[in-house]
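>
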Amino acid sequence: MNRLYMGLACSLLSGCTVVFAQDLAPQTESPRWTGWVSWVADGDTLLVLPDQAHDAVKLRIQGIDAPERCQPGGDASRDALIDLVHRKTVQVIPHGTDTYGRVLGRVEIDGRDVGAVMVASGQAWAYSFRASAGPYVALERQARRQKKGLFAQAQPMTPRVFRQFHGSCQTP
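For the sequence shown, position 51 matches number 35 in this note's numbering, and the numbering has no gaps at all.
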């Protein structure tokens, strides 16, 4: 729904004039699309080849943060995501891009939320952003209580903290 606003634009040289501007309604989610998972980088990043496309899309699962590959639990997290989605068809509900240019989105397979599965099984943390706790906080609490996956460790280190102490896993 578009709304039309009228306002005044003034300058010292030309005085004031009436200005009409359209205020576009907030963008809704991008449409859902389907694709085939061709590669799993780690516990929260995949390459997905959209149906009818020639180029894969690098996608980060929104709402979760998985350990770095070189971090304790990193390989197990990646392996869990491979078992769940690799070489399978998924549905993606995109929500923009992250600072690295990856598509951010919710990923579903057979109607199941992949992010929820990863957090509930203890293979990823619920990702919070600013004031938002994110959709998977209760699942993380439950995985912690049950000492699943990453949470079997005495004090699992979030990827953000791990990178502060150890840097990136990638070699120069």
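Glycine included, each C-beta is placed from N, C-alpha and C at the ideal position. The structure displayed is predicted, hence computed values, not measured ones.
1. Quick one: give me the first and last residue of the beta strand (DSSP E) that Pro78 is part of.
2. Do Gly151 and Gly99 have their C-beta atoms closer together than 7 Å?
3. Is the beta carbon of Val103 less than 7 Å from the beta carbon of Leu88?
4. Compare the beta carbon distance of Gly95 and Ala127 with 7 Å and say whether it is the shorter of the two.
5. Return the chain-ordered ranges of every alpha helix (DSSP H) run that is complete within the region 108 to 152 and spans a minimum of 4 residues.
6. Ignore the nearest five residues each way along the sequence and tell me which others in Arg62's own chain have a CB closer than 7 Å to its CB.
7. Can you check the region 27 to 101 for any alpha helix (DSSP H) of at least 4 residues that lies completely inside it and give the ranges in chain order?
8. For Glu113, does the count of other Cβ atoms within 10 angstroms reach 16, so buried, or fall short, so exposed?
9. Mind checking whether Arg44 and Arg16 have CB atoms under 7 Å apart?
10. Could you check which residue in Asp35, Gly19, Val41, Ala37 has the C-alpha nearest to that of Thr29?
11. Alpha carbons only, please: which of Gly58, Leu33, Arg147, His70 is nearest the one belonging to Leu134?
12. Within the same chain, show all residues whose beta-carbon is closer than 6 Å to that of Ala50, passing over the 5 residues directly before and after it, in chain order.
13. If distances are taken between C-alpha atoms only, which option among Ala64, Val76, Ile66 comes closest to Asp35?
14. Taking the beta carbon of Asp97 as the centre, do at least 16 other beta carbons fall within 10 Å, making it buried, or is it exposed?
15. Given a cut-off of 7 Å on the beta-carbon distance, is the pair Val21 and Lys72 in contact?
So, to answer that:
1. Counting along the chain, the beta strand (DSSP E) containing Pro78 begins and ends at 73 to 81.
2. Gly99 is positioned such that its CB atom lies no closer than 7 Å to that of Gly151.
3. no
4. no
5. 121 to 129, 143 to 150
6. Val24, Asp26, Gly27, Arg53
7. 58 to 69
8. First, the amino acid is wrong: residue 113 is Phe here, not Glu. Exposed is the call here.
9. no
10. Taking the Cα of Thr29 as reference, the smallest distance to any Cα among Asp35, Gly19, Val41, Ala37 is reached at Val41.
11. Gly58
12. Asp26, Gly27, Asp28, Ser61, Ala108
13. The shortest C-alpha separation from Asp35 is found at Val76.
14. buried
15. yes
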